[in-house]
Amino acid sequence: MAEALSPEQIEEYLEALDGWTTDGQRIERLYSIPHVQGAAFIVHIAAVQNDFGHHSDATLGYKTVHVSISSSDIGGYVAEHDIELARRIQAIASAHGAG
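Structure below.
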């Protein structure tokens, strides 16, 4: 079972992930992206999540995609695999024009 990261550990990891923030219970990122490209980005996020075996919330808005990640198996807190999922999402963002 995964272990929750401390707020300090989360902040340290997020220093390497541009634009990601935390409230201590989840990590989040709001991407700016045109609507249709945002829909494609969400589909790609879903494929990454499926391959990784860990899922997040992704919401399509007008010119935005909001991603929120936490681990339900540890009470909705952030674990190392949440950070890894954020890294994987970050790695595909630029291919979709998300910034």
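Per this note's numbering, the sequence shown runs over residues 56 to 154.
Every residue gets a Cβ at the ideal spot worked out from N, C-alpha and C, and that includes glycine.
Helix or strand or just coil, what does DSSP make of residue i?
{"i": "Ile124", "result": "strand"}
{"i": "Ile88", "result": "coil"}
{"i": "Leu115", "result": "strand"}
{"i": "Glu139", "result": "helix"}
{"i": "Glu58", "result": "coil"}
{"i": "Glu70", "result": "coil"}
Roughly how many angstroms lie between the CA atoms of residue i and residue j, to the nearest whole one?
{"i": "Gln64", "j": "Ala134", "result": "10 Å"}
{"i": "Tyr86", "j": "Met56", "result": "30 Å"}
{"i": "Ser125", "j": "Ser149", "result": "23 Å"}
{"i": "His110", "j": "Gln104", "result": "5 Å"}
According to DSSP, what are the bridge partners of residue i?
{"i": "Tyr132", "result": "Ser126"}
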